[in-house]
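Enquirer: Order-wise, the sequence lines are chains A and B. In terms of the numbering used here, the first sequence opens at residue 1 and continues consecutively. In terms of the numbering used here, the second sequence opens at residue 1001 and continues consecutively. From the three backbone atoms N, C-alpha and C, an ideal C-beta is built for every residue, glycine too. This is the structure, below, for whatever I ask next.
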Amino acid sequence: MPTPKGIVAYAAHLPCHRVRHADLAAALGTKAGPGARVVASFDEDSTTLAVEAARRVPRGAERPQAIFFATTSPAYLDKTNAAAVHAALGLGTEGLAVDLAGSARSGVGALLAAAATGGLAVLADVRTGLPGSADERDGADGAAAFLFGDPGQAIAEIVARVSVTAEFLDRWRVPGEPAARRWEERFGLESYLPLVTEAGRRALKEADVAAPDHVVLSSPNPLVIRRAAELFPAQVPARVPARVPAGIVAGLPAGKAPGHAGAADVGLGLAEVLDRAAPGETVLVLAAVDGCDALVLRVTDRIERGRQARPVSAQLAAGRAVPYATYLTWRGLLDREPPRRPEPEPPAGPPSARSQAWKFAFTGSRCRGCGFVHLPPARVCKGCGAADEMEPHPLSGVRGTVATFTADRLAYSPSPPLIDVVVDFDGGGRYTMELADAAPDEVTIGMRVETTFRRLHTAGGVHNYFWKVRPVEDER
Amino acid sequence: MSAEGIKDRVAIVAMGCTRFGEHWSASADDLLIDAVGECLAAVPGMGLADVEAFWLGTLGSGQSGLTLSRPLALDYRPVTRVENYCATGSEAFRNACYAVASGAYDRVMAVGVEKLKDSGFSGLTRMDPPGDGTAPENTLTAPAAFSLLDPAYCARYGVDPGDMRDAMTHVAWKNHANGALNPKAQFRSAVSKEKIATAPLVAGRLGVFDCSGVSDGAACALIVRAEDAHLYTDRPVWVKALSLTAGPGRAAMDADYDYTTFPEVVRSAQDAYRQAGITDPRAEISLAEVHDCFTPTELVLMEDLGFADRGQAWRDILDGAFELGGRLPVNPDGGLKSFGHPVGASGLRMLYECWLQFRGEAGRRQLSDPRLALTHNLGGRPGACVSFVSLVGTEPG
Chain A
1 MPTPKGIVAY AAHLPCHRVR HADLAAALGT KAGPGARVVA SFDEDSTTLA VEAARRVPRG
61 AERPQAIFFA TTSPAYLDKT NAAAVHAALG LGTEGLAVDL AGSARSGVGA LLAAAATGGL
121 AVLADVRTGL PGSADERDGA DGAAAFLFGD PGQAIAEIVA RVSVTAEFLD RWRVPGEPAA
181 RRWEERFGLE SYLPLVTEAG RRALKEADVA APDHVVLSSP NPLVIRRAAE LFPAQVPARV
241 PARVPAGIVA GLPAGKAPGH AGAADVGLGL AEVLDRAAPG ETVLVLAAVD GCDALVLRVT
301 DRIERGRQAR PVSAQLAAGR AVPYATYLTW RGLLDREPPR RPEPEPPAGP PSARSQAWKF
361 AFTGSRCRGC GFVHLPPARV CKGCGAADEM EPHPLSGVRG TVATFTADRL AYSPSPPLID
421 VVVDFDGGGR YTMELADAAP DEVTIGMRVE TTFRRLHTAG GVHNYFWKVR PVEDER
Chain B
1001 MSAEGIKDRV AIVAMGCTRF GEHWSASADD LLIDAVGECL AAVPGMGLAD VEAFWLGTLG
1061 SGQSGLTLSR PLALDYRPVT RVENYCATGS EAFRNACYAV ASGAYDRVMA VGVEKLKDSG
1121 FSGLTRMDPP GDGTAPENTL TAPAAFSLLD PAYCARYGVD PGDMRDAMTH VAWKNHANGA
1181 LNPKAQFRSA VSKEKIATAP LVAGRLGVFD CSGVSDGAAC ALIVRAEDAH LYTDRPVWVK
1241 ALSLTAGPGR AAMDADYDYT TFPEVVRSAQ DAYRQAGITD PRAEISLAEV HDCFTPTELV
1301 LMEDLGFADR GQAWRDILDG AFELGGRLPV NPDGGLKSFG HPVGASGLRM LYECWLQFRG
1361 EAGRRQLSDP RLALTHNLGG RPGACVSFVS LVGTEPG
């Protein structure tokens, strides 16, 4: 049964840092193959990754009326993380924003919810494993977002869907624990195989597809991926990006890449297929998490104009290595001596609410009289003195140039030194902000930067979300 | 900007200043009692009861006038506590001067104190009101904020970074050498240029020797009507100009601002020179005590105060222009760099050096016949700050 809405746009986001498997092996005295693990930086969490993917989705004129945010690593409980995504996209107050937080199956849940009602499905995760674990080595952090809307505008449609559910212990985690526990993988395989087989066959039959062109396989159990790839082979060979890190996303060379990105996994796999699928081709999505969800999608003629700007394969091939000890520190698994400086104060509720457009959507103000741009927004113009003559000036999509810079080795930071740059934004506006994803010796006056939504720190149980800049990669 | 200046309307007739440093065994109360005691002892027959009103400057070592009235057991006198970032001590002095000039009081005291070494932290800490967590000041430390001047200055004037490093090193070297001659300074030893240049980094290219001393201390001044000054001392110090500017914060948002100047300093210097009738500061000023919180700050201040041409301060510094024997000695007492920077006391400490120099009591760093001195005190950081400039002299008129 086709869903009422189709995918009209999509984007994936992989964080830029990589932990080399060789470094893991050297530190832990274990064996590990070549490749690297995609890791979120210290200032990224599932919410910031979700924002980075969601803001890359071309929205056209229409505002998504709903955001379904799936993750297994929610930054907050008892507070809607999707609300921060909603705010960062500058959507005002209109519409639904809801979390589907729990297991990796929430990823499919978000896709199906958005497919039913329209809106944005955002799948994001930071997957943490204990040192030496398979999750640490083979997991992945990342996000993908899919905008569902008018089937006439769709780049892909869901033409069939089958879900089956079963209760068994394959992978689980008690709230508060840093990493999941797993039963013996072969028990999970035995439990999953009939479910995957049934869901896959029924969905293909429903879609009247004999053999799908592409297959996206997603499961936290790596044995399931291997067997399912044999049961449901893709007709179009998966493209192997240059230097594929082992342990990435389903959809990439099945069987060779048993990595898992939690709730984002199925989304990253689907995005990677949409990066390269041809019009008319079919995609079988098999997501085996506590049951199995099988979707059959058909790619439309609009795909060529709807592909994301930076394919998953290109994002995978990029990246910068981070030392294993630094990564452990980022995840709180290595408790390092803090600087002799006070920890930052938590952001306060009322000021953060008053400045929502600034803090979450990076919207300053611009004087209607003289054009002077104020970051943060101001009521009285610093250019001409006019009072209350301002209009909002959104800058989250605007690039800038570094005017001057420093590396602060004294400041409290989860990953010192803290690099700050004075940024002059194209078209007006200057702000002093942190530079992410860079080392001090890479910064120069005149360097081009782009905005990125990050978590500056967490204090008093409150996450301080705000914007940073990062080096522009595609502008020379 | 003041329409009417304060020239020769009030005078300093006594001062006190504790040694600056890590006073683990002294509280803010102790430092206040010691500084005020030294000041009053300089005027025979003068007691606390003779002082009609007090202005107390402290950034974070106490709130309200009670911070002074309680330890000194003042007899129900008016005490105003003021705060203006690192210009707090100057702000206490400025308000005390205006109170006398207004005719409301004949004898007042400006007192500044800071007890920084009880926090257990490196550098200054902040006490910001609850906020939205987006202000760069929340995370970026003071040395980092001032280190923004270094690459910007090099880029603006095409200065080789190595030359700039040498100039910053020279500032620290000079101020340490001066502090070595000052028994009240926190750091009283000369430091080699090599040690300064290769010190562990704090922020940007600033090493630990590029940063002012974090210290405890107190200083104070007794201020009276100009016409009464000779009743208290034969060598009063005459206040020639007081100027304070608080910036609009435009520079931090303005791409036209290039991080090689403090607009607030330029304005306060112009205003002070106008009040004092100074047309050629380089020729007329005998010594300057400036806010050398970090070495590039002193460099930029030389240009903002008119002591060097734009883009040339680094060269003048290397040429020795601002050394004790140079054409305009800057920070003869060692400055914030080696005298130390107990925030609320620093502005008054600068005046204390002028006081000593004018009286010929500056010991081994004594300058020859100084007549006119400038103090400059800065609070905040490049982009948005407050700036204070005073001029004081040995003669009225």
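1. Compute the Euclidean distance between the alpha carbons of A/Ser-225 and A/Ala-325, then round it to the nearest angstrom.
2. Between A/Phe-466 and chain B, is there a C-beta pair that is closer than 7 Å?
3. Exposed or buried, what is B/Pro-1263 when buried is set at 16 or more other beta-carbons lying within 10 Å of its beta-carbon?
4. Check B/Gly-1207 in the structure and name its three-state DSSP category.
5. Identify each residue in the stretch 1254-1284 of chain B for which the Cβ-Cβ distance to at least one residue of chain A is less than 7 Å, and report them in chain order.
6. In angstroms with no decimal places, state the Cα-to-Cα distance between A/Phe-187 and A/Asp-170.
7. Let's test the definition: count the other Cβ atoms within 10 Å of the Cβ of A/Gly-118 and tell me whether it reaches 16, buried, or not, exposed.
8. Please work out which residues of its chain come closer than 6 Å, Cβ to Cβ, to B/Arg-965, disregarding the five sequence neighbours upstream and downstream, and give them in chain order.
9. Going by the DSSP bridge assignment, what does A/Thr-147 pair with across the sheet?
10. Which residues in the same chain have their Cβ closer than 7 Å to the Cβ of B/His-1170, if we skip the five residues on either side of it in sequence?
11. If the cut-off is 7 Å on Cβ atoms, which residues from the stretch 1129-1153 of chain B count as contacting chain A, listed in chain order?
12. For the 8 Å Cβ check, are there 3 or more pairs between the stretch 1175-1195 of chain B and the stretch 1333-1348 of chain B?
13. Note down, in chain order, every chain A residue with its Cβ under 8 Å from the Cβ of B/Pro-1248.
14. If we call anything under 7 Å between Cβ atoms a contact, is B/Pro-1294 one with B/Asp-1216?
15. What does a CB cutoff of less than 8 Å around A/Phe-372 pick up in its chain, not counting 5 residues either side in sequence?
16. Looking at the structure shown, is B/Ile-1317 part of a helix, part of a strand, or coil, going by DSSP?
17. Between the stretch 1177-1207 of chain B and chain A, which residues of the former have CB atoms less than 7 Å from a CB of the latter, in chain order?
18. Along chain B, in chain order, which residues have C-beta atoms closer than 8 Å to that of A/Ile-445?
19. Distance cutoff 7 Å, beta carbons only. Does B/Gly-1123 sit that close to anything in chain A?
20. Could you tell me which whole beta strand (DSSP E) segments of length 3 or greater appear in the stretch 1095-1142 of chain B?
21. Between which two residues does the beta strand (DSSP E) containing A/Ile-67 stretch?
22. Can you name, in chain order, every residue of its own chain whose Cβ lies under 7 Å from the Cβ of B/Gly-1062, other than the five neighbours on each side?
23. In three-state terms, what does DSSP make of B/Cys-1039?
24. Enumerate in chain order the residues of its own chain whose CB-to-CB distance from B/Leu-1301 is below 6 Å, with the five nearest sequence positions on each side excluded.
25. Drop a sphere of 10 angstroms on the beta-carbon of A/Lys-205, count the other beta-carbons inside from all chains shown, and report buried for 16 or more, exposed for fewer.
26. Since I believe A/Leu-49 is in contact with A/Pro-74 (beta carbons under 8 Å), could you give me their beta-carbon distance rounded to a whole number of angstroms?
27. Find the residues of chain B that neighbour A/Pro-351, judging by a C-beta separation of less than 7 Å, and give them in chain order.
28. In chain order, what residues of the stretch 413-427 of chain A put their CB closer than 7 Å to some CB of chain B?
29. Where DSSP assigns a beta bridge to A/Val-402, which residues make up the other side?
30. Considering only their Cβ atoms, is the gap separating A/Ala-179 from A/Gly-107 smaller than 7 Å?
31. Can you give the Cα-Cα distance for A/Pro-323 and A/Ala-145, rounded to whole angstroms?
32. Output the distance between the C-alpha atoms of A/Trp-183 and A/Asp-135, rounded to the nearest integer angstrom.
33. On the premise that A/Val-421 lies in contact with A/Leu-435, defined as a C-beta separation below 8 Å, what is that separation, rounded to the nearest angstrom?
34. Mind listing the chain B neighbours of A/Phe-405? Cutoff is C-beta to C-beta under 8 Å, in chain order.
35. Tell me which same chain residues have a C-beta within less than 6 Å of the C-beta of A/Tyr-6, skipping the five on either side of it?
36. Report the three-state DSSP secondary structure of B/Leu-1328 (helix, strand or coil).
Expert: Quick look at the numbers:
1. It is worth fixing the name first, because residue 225 of chain A is Ile in this sequence and not Ser. Separation of A/Ile-225 and A/Ala-325 (C-alpha to C-alpha, rounded to the nearest whole angstrom) is 31 Å.
2. Interface residue, yes.
3. B/Pro-1263 should be labelled buried.
4. Of the three classes helix, strand and coil, the one that applies to B/Gly-1207 here is strand, per DSSP.
5. Those would be Asp-1254, Ala-1255 and Tyr-1259, in chain order.
6. Using only the alpha carbons, I get a separation of about 7 Å.
7. It is buried - the Cβ of A/Gly-118 has at least 16 other Cβ atoms within 10 Å.
8. Absent from the structure is residue 965 of chain B, since the part of chain B shown begins at 1001 and ends at 1397.
9. Per the sequence shown, the amino acid found at residue 147 of chain A is Leu instead of Thr. Listed as beta-bridge partners of A/Leu-147 by DSSP are A/Ala-9 and A/Leu-120.
10. Cβ within range, chain order: Ile-1317 and Leu-1318.
11. Going along the stretch 1129-1153 of chain B in chain order, one finds Pro-1130, Gly-1131, Asp-1132, Gly-1133, Thr-1134, Pro-1136, Asn-1138, Thr-1139, Leu-1140, Thr-1141, Pro-1143, Ala-1144, Ser-1147, Leu-1148, Pro-1151 and Ala-1152 with a Cβ nearer than 7 Å to chain A.
12. With the rule of 3 Cβ pairs closer than 8 Å, the stretch 1175-1195 of chain B counts as touching the stretch 1333-1348 of chain B.
13. Here the neighbours are Lys-382.
14. Sequence inspection shows Phe at residue 1294 of chain B; the Pro mentioned does not correspond to that position. No, the Cβ-Cβ distance between B/Phe-1294 and B/Asp-1216 is not below 7 Å.
15. Here A/Phe-372 has Arg-366, Cys-381, Lys-382, Gly-383, Cys-384 and Gly-428 as same chain residues with Cβ atoms under 8 Å from its own Cβ, once five neighbours each way along the sequence are excluded.
16. DSSP places B/Ile-1317 within a helical segment (H, G or I) once states are collapsed to three.
17. Contact residues of the stretch 1177-1207 of chain B toward chain A are Leu-1201, Val-1202, Ala-1203 and Gly-1204 (C-beta to C-beta distance below 7 Å).
18. Going along chain B in sequence order, the residues near A/Ile-445 (Cβ under 8 Å) are Pro-1151, Ala-1152 and Ala-1155.
19. At least one beta carbon of chain A lies nearer than 7 Å to the beta carbon of B/Gly-1123.
20. 1107-1114, all fully within the stretch 1095-1142 of chain B.
21. Annotation: the continuous beta strand (DSSP E) that includes A/Ile-67 extends over 66-71.
22. So the qualifying residues of the chain are Ala-1028.
23. Three-state result, B/Cys-1039: helix.
24. Within the same chain, and ignoring the five residues on either side of B/Leu-1301 in sequence, the residues whose Cβ sits closer than 6 Å to its Cβ are Val-1290.
25. Exposed.
26. Not a contact, Cβ separation roughly 12 Å.
27. Listed along chain B, the residues sitting closer than 7 Å to A/Pro-351 by beta-carbon distance are Pro-1130, Gly-1131 and Asp-1132.
28. Along the stretch 413-427 of chain A, the positions whose C-beta sits under 7 Å from a C-beta of chain B are Leu-418, Asp-420, Val-422 and Asp-424, read in chain order.
29. A/Val-402 is bridged to A/Val-423.
30. Remark: C-beta atoms of A/Gly-107 and A/Ala-179 do not approach each other more closely than 7 Å.
31. Each residue's Cα considered, the two are about 29 Å apart.
32. If you draw a straight line from the Cα of A/Trp-183 to the Cα of A/Asp-135, it is about 13 Å long.
33. Indeed, because the Cβ distance is near 5 Å, the residues count as touching under 8 Å.
34. Result: Leu-1148, Pro-1151 and Gly-1204.
35. It should be noted that the sequence gives Gly, not Tyr, for residue 6 of chain A. Sequence-distant partners of A/Gly-6 (beyond 5 residues in either direction) whose C-beta falls short of 6 Å from its own C-beta, in its chain, are Pro-151, Ala-154 and Glu-157.
36. It is coil, neither helix nor strand.
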